[in-house]
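Residue numbers (the numbering used here), protein chains in the order written: chain A, 1 to 304; chain B, 1001 to 1656.
So the structure is just underneath, and the comments pick up after that.
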């Protein structure tokens, strides 16, 4: 027991904690835009995977010509691909009024098959991409050295807060999610707002994927998200669809993930059961959330 | 007030015929007409185009090729008829269906002529005394690999579709068409998924060319399109012969369970994406009962194991159900979390012999010896026989399939029809007697061993249970009411909370029973719980349910389709290095995506028309006496799950 507490006070644990928070935070903030506009987005997990794949593959392809700058273009590619796949979800949900949960699930299912097809075609293997010679640079001091998406994530919290609560775009976004009919009567293009919000969520989830593949590792591996997209969705609900709430929720979930990693190295609990801890906590968090204050028109197609 | 009925095809019918005929005509010009031979290891082919051009991509550069003049003649005639059909569709002509039917007939004749030509070629080769036996065998297999290609497949299919569409003005056809509207969305979704998948194949797999000669632009295109046709014909080939068909049924069995699971929850407006976790826990339950149940039960271990599988799965389904009913938690996120938790429990139980707890090490003892994660072998009493073992009534090593089951099935439906569906129990008794009497009569077959196990029968029982519970009991009525309109159901005295819990519990039971296939049925080559159990069939259940429009019969058909494609995917993976089984995963995901979009079809096309319009259009008796449109409307009223609404809204509505 002393060993565990001692471990929690090290900078190594703090670093693990922060690295656990970042993909959840980026994805949940992306989900915030989408769901605040009224579009359920359980495709986040798939978007992370597509972003990770695009980031790793394009960085690897550009490495011979761009050297150390290649991972940055990988990041850009990951964001763009995340946005593109999110656009598909938006197209089906907004224009074709598909059931938004089924549409999101379809994208997650695509994310289980498409990477293997692409990797097989490019590298004749279906489980991982070749390693980069160097990934994104690590900035920081001592053991607290992180790649740029980590700093980007925490900056985005403030940017999101400002955009959602202090800009006309944010006001329209919230209006679209609460009362699309009233928003339309005030001249707001509800469809365009929703498209932009969903695409934005895809770009942020794509960034989370890029962090996982070339910001934390140096290649894409199968099932790289490990359910982070769904945990981020739970954090979004737990955080009541607010930027600071999302930050608090993801800090909690990230801490528990880091804790389970630390616990896995001790003889206190079975390692395989400890690996389930983040998922158990997610369920408990949803129970505690209870009747949530979701956007009123969340999940409803706009027929105007 | 009857009027003369306009026999011209409807506007929609004409448009469908136009698209079908135009695509078929274009296909004849753009794609290879036929394959005159194909190598067995690299899918290298000899292609024939409508223009008469021959493209030999195979390693058999000197193979003699059969005469093709008649086939080409039939092809050109078919093309002419397709063009006439296009013109007829543009004019909405009454005679449209005639040209379409003739196009279909001539295309089919070309296919038959092609097969006969290839058979004659094989005969000539076998009769040639100058060839060595080995060369003869290779050439025979080479020609056997030939057949129609996209250039003939499309006019056969397009001709049929255009014929049906051209008859859309006839009253009897119009009624029949209205019944089939529900099929438009899944058919459209599958077609679109195939088209997108074809593009993927074109992109990732280079053309196969073993001739050593460079391909021109046209040759390259023909080779690429042949590759697409090869991939899809291989994917769907397993329905064309007995052994692959049995393999497809084996792969379809767990999909029936998981498809029923998703479909059942959908009926109550819930989205059960927890199939993988429920399947895992069901398998764990089946293993615990089958390995550690009391030995004195003997064959009683099997029902005990079945009950355990269902109960464990039901528990894993009940948890998200209770959480939703009690706390308003999203069943989507909770089921996904429970999938991961089930996976952890699974590995904990059979992944290691010991586990630490508060500083001390304890022994668990469920894992079999050796490195691999697996349980001990099930006791013999808990093991499911294969279907072949059950149905084989042959003697002296001869395999003969009993006709008892088929006779019982036919007797049941006939008896029920004769007894006016009021004596189901009596019909069942008659069926059992008929089956027992004819059990010893068998049909000799040539099967090279099949691993299709008796969980297939359990799956069919679940299909019957689903249909009976959902449409013939008051409980089923209540569940469907909750799915269609929670507020109205609550107003009518139905408990939404109870419906939610019950639906998820039964859905979990269905998925849990899929574990029987892998554990008791030995589908993984051993009667054990093993670490490599493919729990992703839980996700395939989503596509199966959606494609089957959440109906029990639809789930069965969809499962067979997916089982077929899964079996075919193995063959494709073996022959082409850049296309592996994951192309099948992509196809399934695309199907879900396109079904979600309603097949990109107009609602006017897929939703049933109001009964008055149908009656007026048919010029028949007054509305109210027509059952077809009402039945079509009822069939079409498949509820979408309410999961799109926020948890609070659903709870609030349920609570009012």
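C-beta: ideal position from N, C-alpha, C; glycine also.
Computed from a predicted structure; not experimentally measured.
Counting only Cβ pairs nearer than 7 Å, list the residues of chain A close to residue i.
i: residue 1483 of chain B; result: Simply none; closest approach about 13 Å.
i: residue 1578 of chain B; result: 120, 121
i: residue 1539 of chain B; result: 109
Does DSSP put residue i in a helix, in a strand, or in coil?
i: residue 1634 of chain B; result: The predicted model places residue 1634 of chain B with a pLDDT of 44, which falls under 50 and marks its position as unreliable; any figure quoted below should be read in that light. Helix at residue 1634 of chain B.
i: residue 137 of chain A; result: coil
i: residue 1363 of chain B; result: strand
i: residue 221 of chain A; result: strand
i: residue 1434 of chain B; result: helix
i: residue 1620 of chain B; result: A caution first: residue 1620 of chain B carries a pLDDT of 39, below 50, which makes its placement in the model too unreliable to give a value.
i: residue 1016 of chain B; result: helix
i: residue 1371 of chain B; result: coil
i: residue 146 of chain A; result: strand
i: residue 1392 of chain B; result: strand
i: residue 962 of chain B; result: In the structure as shown, chain B starts at 1001 and stops at 1656, and residue 962 of chain B therefore has no counterpart that could be examined.
i: residue 1402 of chain B; result: strand
i: residue 1530 of chain B; result: strand
i: residue 1615 of chain B; result: Its pLDDT being 48, under 50, residue 1615 of chain B is placed unreliably in this model, and the value from its coordinates should be taken loosely. Three-state result, residue 1615 of chain B: helix.
i: residue 16 of chain A; result: helix
i: residue 1243 of chain B; result: helix
i: residue 1064 of chain B; result: coil
i: residue 1490 of chain B; result: helix
i: residue 1447 of chain B; result: coil
i: residue 1644 of chain B; result: The predicted position of residue 1644 of chain B is uncertain, since its pLDDT is 38 and thus under 50; a value taken from the coordinates is nonetheless stated next. Three-state DSSP puts residue 1644 of chain B in a helix.
i: residue 1387 of chain B; result: helix
i: residue 1625 of chain B; result: Confidence at residue 1625 of chain B is low in this model, with a pLDDT of 34, below 50, so the placement of that residue should be treated as unreliable; the coordinate-derived value is given next. Three-state result, residue 1625 of chain B: coil.
i: residue 128 of chain A; result: strand
Taking the alpha helix (DSSP H) that residue i falls in, what are its first and last residues?
i: residue 1334 of chain B; result: 1331–1350
i: residue 284 of chain A; result: 277–289
i: residue 1319 of chain B; result: 1301–1327
i: residue 1218 of chain B; result: 1217–1236
i: residue 1554 of chain B; result: 1552–1575
i: residue 1276 of chain B; result: 1275–1292
i: residue 1468 of chain B; result: 1455–1472
i: residue 179 of chain A; result: No alpha helix (DSSP H) contains residue 179 of chain A, which DSSP labels as neither H nor E.
Residue j and residue i - do their beta-carbons sit closer together than 8 Å?
i: residue 1312 of chain B; j: residue 1281 of chain B; result: yes
i: residue 30 of chain A; j: residue 215 of chain A; result: no
i: residue 1252 of chain B; j: residue 1562 of chain B; result: yes
i: residue 1107 of chain B; j: residue 1032 of chain B; result: no
i: residue 55 of chain A; j: residue 205 of chain A; result: no
i: residue 90 of chain A; j: residue 194 of chain A; result: yes
i: residue 1037 of chain B; j: residue 1151 of chain B; result: no
i: residue 1521 of chain B; j: residue 1454 of chain B; result: yes
i: residue 259 of chain A; j: residue 157 of chain A; result: no
i: residue 1341 of chain B; j: residue 286 of chain A; result: no
For residue i, which residues in chain B fall below 8 Å Cβ to Cβ?
i: residue 103 of chain A; result: 1593, 1596, 1597
i: residue 98 of chain A; result: 1596, 1597, 1598
Hey, could you find the ends of the beta strand (DSSP E) residue i is sitting in?
i: residue 954 of chain B; result: The first residue shown for chain B is 1001 and the last is 1656, placing residue 954 of chain B beyond what the model contains.
i: residue 1194 of chain B; result: Careful: residue 1194 of chain B lies outside any beta strand (DSSP E), inside the alpha helix (DSSP H) at 1181–1204.
i: residue 244 of chain A; result: First-last for residue 244 of chain A: 243–264, but that is the alpha helix (DSSP H), not the beta strand (DSSP E).
i: residue 1056 of chain B; result: 1054–1056
i: residue 1045 of chain B; result: 1045–1048
i: residue 270 of chain A; result: Counting along the chain, residue 270 of chain A falls outside any beta strand (DSSP E), and DSSP gives it neither H nor E.
Give me the chain B residues within the contact set of residue i, using Cβ-Cβ distance strictly less than 9 Å, ordered along the chain.
i: residue 10 of chain A; result: Those within 9 Å of residue 10 of chain A in chain B number zero; the least Cβ separation is about 21 Å.
Using a C-beta to C-beta distance shorter than 8 Å, which residues of chain A count as neighbours of residue i?
i: residue 1456 of chain B; result: Going along chain A, no residue has its Cβ under 8 Å from residue 1456 of chain B, so there is no contact; the nearest lies around 25 Å.
i: residue 1323 of chain B; result: 283, 286, 287
By the criterion of Cβ-Cβ separation under 9 Å, what are the contact partners of residue i in chain D?
i: residue 1585 of chain B; result: Going by chain labels, chain D is absent from the structure shown, which instead holds the protein chains A and B.
In chain B, what lies closer than 7 Å to residue i by C-beta?
i: residue 267 of chain A; result: 1356, 1359
Would you say the region 1509–1522 of chain B touches the region 1247–1262 of chain B, given that touching needs at least three Cβ pairs under 8 Å? The region 1509–1522 of chain B is in contact with the region 1247–1262 of chain B.
Indicate whether the contact test is met: 3 or more Cβ pairs, each with one atom in the region 207–219 of chain A and one in the region 43–51 of chain A, closer than 8 Å. By the C-beta criterion, the region 207–219 of chain A is judged to be in contact with the region 43–51 of chain A, since at least 3 inter-stretch pairs fall below 8 Å.
Within 8 Å, do at least three Cβ pairs link the region 1036–1055 of chain B to the region 1581–1593 of chain B? The count of Cβ pairs closer than 8 Å, one atom from the region 1581–1593 of chain B and one from the region 1036–1055 of chain B, stays below three, leaving the stretches out of contact.
Okay, do the region 279–296 of chain A and the region 171–180 of chain A touch, 3+ Cβ pairs below 8 Å being the bar? The region 279–296 of chain A, when compared against the region 171–180 of chain A, does touch it at the 8 Å Cβ threshold.
Determine contact between the region 1284–1302 of chain B and the region 1379–1395 of chain B, defined as no fewer than three beta-carbon pairs at a distance below 8 Å. The region 1284–1302 of chain B makes contact with the region 1379–1395 of chain B, as at least three CB pairs between them are under 8 Å.
Three or more C-beta pairs under 8 Å: does that hold for the region 255–273 of chain A against the region 1342–1357 of chain B? Three or more Cβ pairs drawn from the region 255–273 of chain A and the region 1342–1357 of chain B lie within less than 8 Å of each other, which places the two stretches in contact.
The region 1160–1171 of chain B touching the region 1082–1099 of chain B, judged by at least three CB pairs closer than 8 Å: Taking 8 Å as the limit for Cβ pairs, the verdict is that the region 1082–1099 of chain B does touch the region 1160–1171 of chain B.
Hey, is the region 1110–1126 of chain B in contact with the region 1067–1085 of chain B, meaning 3+ C-beta pairs nearer than 8 Å? Between the region 1110–1126 of chain B and the region 1067–1085 of chain B, the count of C-beta pairs closer than 8 Å reaches three or more; the two stretches touch.
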